[in-house]
Amino acid sequence: MAKHRRSKQKAPVDYGVLLVAASVIAGALFLVSRVWRAS
74 MAKHRRSKQK
84 APVDYGVLLV
94 AASVIAGALF
104 LVSRVWRAS
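In the numbering used here, the protein residues as written are 74 to 112.
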């Protein structure tokens, strides 16, 4: 009965969070590397 629930419902939300987190981390790393090169 438990397997009847849709497990894919949370997939879009998880992917969205992963995309946002990845973009934020990438942006932070880019800024850090830019500052490091400038100094």
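Quick reminder that beta carbons are idealized off the backbone N, C-alpha and C, glycines included.
Predicted, not measured: the structure shown is a model, and the values here were computed from it.
DSSP-derived helix/strand/coil call for G112: Note that residue 112 is Ser in the sequence shown, not Gly. In the displayed model, S112 falls within coil according to three-state DSSP, outside both helix and strand.
For R110 and A95, I'd like the C-alpha separation in whole angstroms. Taking C-alpha positions only, R110 is separated from A95 by approximately 22 Å.
Same chain, Cβ closer than 8 Å to G100, neighbours up to 5 away in sequence not counted: For G100, where only same-chain residues beyond five positions count, there are no Cβ hits under 8 Å.
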